[in-house]
Amino acid sequence: MDWTNWLQLIIGFFLANVLGYGGGPASIPLMYREIVTHHEWATPQQFSNILALGNALPGPIATKIAAFVGYDVGGVGGALLALAATIVPSAAALIILLKLLQKHRASPVVKGMTLLVQPVIAIMMLLLTWQMADSAVASIGWIQSICIAAIAFWAIQRRKLHPAFVILAAFVYGGLVIPHLNG
Numbered sequence: 003m004d005w006t007n008w009l010q011l012i013i014g015f016f017l018a019n020v021l022g023y024g025g026g027p028a029s030i031p032l033m034y035r036e037i038v039t040h041h042e043w044a045t046p047q048q049f050s051n052i053l054a055l056g057n058a059l060p061g062p063i064a065t066k067i068a069a070f071v072g073y074d075v076g077g078v079g080g081a082l083l084a085l086a087a088t089i090v091p092s093a094a095a096l097i098i099l100l101k102l103l104q105k106h107r108a109s110p111v112v113k114g115m116t117l118l119v120q121p122v123i124a125i126m127m128l129l130l131t132w133q134m135a136d137s138a139v140a141s142i143g144w145i146q147s148i149c150i151a152a153i154a155f156w157a158i159q160r161r162k163l164h165p166a167f168v169i170l171a172a173f174v175y176g177g178l179v180i181p182h183l184n185g
């Protein structure tokens, strides 16, 4: 792997995580843009699989996505660079910003900034959901997509099943049932 690929990994994951205000869920649409749209390190379907598997495993989602994509692009060195670009800026910013926020926590400016960024994050998540739903419909059709989404909603919201188990069930369904329906 040459130094330009390493630099792209560092910049791509740095931008996605520094601009992803609010943690992993907020950085996922930005990671999607860097991984799928900008650098084409993965297809939309591959990103969906990476995201699903990352959600099923313990720990922060951003680091799992960075490690997987970094390894896929540049082996162990790529994984380490992508992880560093994901973790180091956030850790440094956390230390600095916590000191500032403690000092100015009652400020209306600080309160306003945190409240006004929330709708932007919600729209980004909505757009990512739309893109992933569009990919699912293209792959398995409307009926199965709606049925799977309804069952997942029911299992998580009504039955209070942990999302990891719902994702695992979707993996099993996708691996055992879908190939026989489309075969």
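Sequential numbering from 3 applies to the sequence shown in this note's numbering.
Note that the Cβ used here is the ideal one computed from N, Cα and C, for glycine as well.
Neighbour-count burial assignment, residue i, 16 or more Cβ in a 10 Å radius
i      : result
PHE49  : buried
TYR34  : buried
THR88  : buried
ILE30  : buried
LYS113 : exposed
ALA81  : buried
SER109 : exposed
LEU11  : buried
GLY56  : buried
PHE155 : exposed
LYS105 : exposed
VAL38  : buried
Rounded C-alpha distance that separates residue i from residue j
i      : j      : result
ILE169 : LEU128 : 19 Å
VAL78  : LEU85  : 11 Å
ILE63  : ILE180 : 26 Å
LYS162 : LEU130 : 24 Å
HIS40  : LEU32  : 10 Å
ALA140 : LEU99  : 43 Å
LYS101 : THR116 : 16 Å
TYR175 : PRO27  : 25 Å
ILE145 : GLN133 : 17 Å
ALA95  : GLY22  : 12 Å
PRO60  : HIS182 : 31 Å
PRO46  : VAL119 : 26 Å
ILE13  : TYR73  : 16 Å
ALA93  : ARG107 : 20 Å
Same chain, Cβ closer than 6 Å to residue i, five either side skipped, listed in chain order
i      : result
ALA138 : SER147
ALA68  : PHE15, ALA84, LEU85 and THR88
MET126 : PRO31
PHE70  : ILE52
Distance CB(residue i)-CB(residue j) smaller than 8 Å
i      : j      : result
ILE150 : ALA172 : yes
ALA18  : GLU36  : yes
ILE1   : ALA44  : Nothing can be reported for residue 1, as the shown portion of the chain is limited to 3 through 185.
GLY76  : TRP8   : yes
LEU121 : VAL20  : The amino acid occupying residue 121 in the given sequence is Pro; Leu does not appear at that position. Not closer than 8 Å, so no.
Other residues of its chain near residue i: CB distance less than 7 Å, five sequence neighbours each side excluded
i      : result
ILE158 : PRO165 and VAL168
Other residues of its chain near residue i: CB distance less than 8 Å, five sequence neighbours each side excluded
i     : result
THR65 : LEU85, THR88 and ILE89
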